[in-house]
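Chains as they are written, first to last, in this note's numbering: chain A, 48 to 122; chain B, 48 to 122; chain C, 75 to 219; chain D, 75 to 219.
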Amino acid sequence: MSIQVKFFASLRETIGVADTTISHADSAGQAWDIATNKAERPVNVLVAINLEYAHFTSAVQDGDEVAFFPPVTGG
Amino acid sequence: MSIQVKFFASLRETIGVADTTISHADSAGQAWDIATNKAERPVNVLVAINLEYAHFTSAVQDGDEVAFFPPVTGG
Amino acid sequence: MSIYIEQQAFDPWQAIIDHQQQSDLNKQFGATATFIGSMRDFNEDADVSQMVLEHYPAMTERYLNQLEQQARERWDLLDILIIHRVGDIKPADPIVLIACWSAHRRASLDACSWLIEALKHQAPFWKKETRQDGEHWVESNTDGL
Amino acid sequence: MSIYIEQQAFDPWQAIIDHQQQSDLNKQFGATATFIGSMRDFNEDADVSQMVLEHYPAMTERYLNQLEQQARERWDLLDILIIHRVGDIKPADPIVLIACWSAHRRASLDACSWLIEALKHQAPFWKKETRQDGEHWVESNTDGL
Chain A
48 MSIQVKFFAS LRETIGVADT TISHADSAGQ AWDIATNKAE RPVNVLVAIN
98 LEYAHFTSAV QDGDEVAFFP PVTGG
Chain B
48 MSIQVKFFAS LRETIGVADT TISHADSAGQ AWDIATNKAE RPVNVLVAIN
98 LEYAHFTSAV QDGDEVAFFP PVTGG
Chain C
75 MSIYIEQQAF DPWQAIIDHQ QQSDLNKQFG ATATFIGSMR DFNEDADVSQ
125 MVLEHYPAMT ERYLNQLEQQ ARERWDLLDI LIIHRVGDIK PADPIVLIAC
175 WSAHRRASLD ACSWLIEALK HQAPFWKKET RQDGEHWVES NTDGL
Chain D
75 MSIYIEQQAF DPWQAIIDHQ QQSDLNKQFG ATATFIGSMR DFNEDADVSQ
125 MVLEHYPAMT ERYLNQLEQQ ARERWDLLDI LIIHRVGDIK PADPIVLIAC
175 WSAHRRASLD ACSWLIEALK HQAPFWKKET RQDGEHWVES NTDGL
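In structure tokens, the structure reads:
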């Protein structure tokens, strides 16, 4: 099993990781804990699974891409 | 006393007059009757006195410019 | 703040570029909203080959100035450009340009939208279309939908 | 319908002109509404000398396509052009362009306004500003007022 985990913007700088692969996770929250070594979650962090917005409780599967990032500020 | 009366667009074509000067009128409605020789008023005709929207009952004074025109269709 | 009545065809994008370069807007604005109305070659299911736009010059000037003033009072705008064409118009010709500049997006977007509606309802312009069966005055503005 | 992510500075007006010439829009559209967001040299009362725009490329592409699709379902649009800048940005640089073409005015105006709001709330872009006291991530979008 292989799950790709990405961090963007201020979260990428805080965590110190842009991209990592973990071997197992049942949920996005568990992916966070494994990829960050249980770093505290900022209150406003957003979650995407396979390029769609999701939740920390959302299930993840083998091959999924899970991304964590702060509120978006484009436009 | 001198009041300038103007007609625009389809109304100018129907009445057959673009611009005329009348010597007396108490109201825009009276200006219409004098300038058009009591032509029937289309239901949707608009009135402006000195470049501001007004009514057929609005008073007119010496030197005023009274204009009659159909609904506006610019933009 | 500039308002122009154009007798000849104009390029709305070039007009915006020129206006932006001549003004002292540089680096202050974060938002630009524009609307351009142009002549289609059909209206109400009839082919339209050309159009004449008549206006009441002194009242047009007064009303466009009033609308610009009202927009500036209602929204925090850095600049407004309004251009309206009159005279003989061919299909695809731009008829009206409204451009609004502001620091934040809602002011320019909302002012631009409001200005075109207000112009269409208040400014004394009239369109006469040439169709296959002759010339027809446009009798009223559509609701824009 | 075109969506571009630009790594380099772009001229929004030239992009609109080019898009309009390349498309088969000619004479069909009566309304064009555009919004351009550009970098100001100040934000929240602090001078900003430069900015970096980061994005999540695959998700950005998906969301901009989704938003375009939603706009086309909701309004009767003839064409949409969206351009968003990423990378190193200097004051006065355009950041985002949204242009909508339609037969009647409300579709292009309302779609343009909706698209910029939806983009700002959903598309995964992030701004980092360089101010006198260092670099700062912009923490949230303003409400645009």
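Don't be surprised by glycine CBs; every beta carbon is placed ideally from N, CA and C.
Query                                                                                                           : Result
DSSP beta-bridge partners of residue 51 of chain B                                                              : B/68 and B/112
Candidates D/133, D/121 and D/176: closest to residue 146 of chain D by CA position                             : D/176
The beta strand (DSSP E) enclosing residue 214 of chain C, as first and last residue numbers                    : Run containing residue 214 of chain C: none; DSSP gives neither H nor E here.
Interface partners of residue 215 of chain C on chain B, CB under 9 Å                                           : 118, 119, 120, 121 and 122
N- and C-terminal bounds of the alpha helix (DSSP H) containing residue 125 of chain D                          : Taken as a continuous stretch (DSSP letters only), residue 125 of chain D belongs to no alpha helix (DSSP H), being part of the beta strand (DSSP E) at 120–129.
Cα-Cα separation, residue 217 of chain D to residue 195 of chain D                                              : 10 Å
Secondary structure of residue 102 of chain B, DSSP reduced to three states                                     : coil
When C/219, C/210 and C/79 are compared against residue 124 of chain C, the one with the closest alpha-carbon   : C/210
DSSP bridge partner residues for residue 116 of chain C (one or two, in chain order)                            : C/121
Interface flag, residue 110 of chain C vs chain B, CB-CB below 8 Å                                              : no
Best match in B/74, B/93 and B/69 for proximity to residue 126 of chain B [C-alpha to C-alpha]                  : With chain B covering only 48 through 122, there is no way to say anything about residue 126 of chain B.
Cα-Cα separation between residue 162 of chain C and residue 101 of chain A, rounded to whole angstroms          : 56 Å
C-alpha distance - residue 106 of chain D paired with residue 77 of chain B, whole-angstrom precision           : 44 Å
Interface partners of residue 57 of chain A on chain D, CB under 7 Å                                            : 211
Distance, residue 201 of chain C Cα to residue 121 of chain C Cα                                                : 15 Å
DSSP state of residue 178 of chain C mapped onto helix, strand, coil                                            : coil
Coarse secondary structure for residue 152 of chain C, derived from DSSP in three states                        : strand
Cβ contact (3+ pairs, closer than 8 Å) linking the segment 130–149 of chain D and the segment 89–105 of chain D : no
Test: residue 149 of chain D CB closer than 8 Å to a CB of chain A                                              : no
Candidates C/171, C/203, C/183 and C/129, of which the one nearest residue 88 of chain C by Cα                  : C/171
Exposure label - residue 110 of chain B; buried when at least 16 CB within 10 Å                                 : exposed
Distance between residue 180 of chain D and residue 61 of chain A (C-alpha atoms, nearest Å)                    : 45 Å
Buried or exposed by the 16-neighbour rule on C-beta atoms within 10 Å, applied to residue 93 of chain D        : buried
Beta strand (DSSP E) segment containing residue 95 of chain B, residue limits                                   : 93–96
Per-residue contacts from residue 205 of chain D into chain A (C-beta, under 8 Å)                               : Chain A residues near residue 205 of chain D: none, gap ~15 Å exceeds 8 Å.
Distance between residue 133 of chain D and residue 99 of chain A (C-alpha atoms, nearest Å)                    : 7 Å
Whether residue 105 of chain A touches residue 92 of chain A by CB criterion (8 Å)                              : no
Contact with chain D by residue 134 of chain C, beta-carbon distance below 8 Å                                  : no
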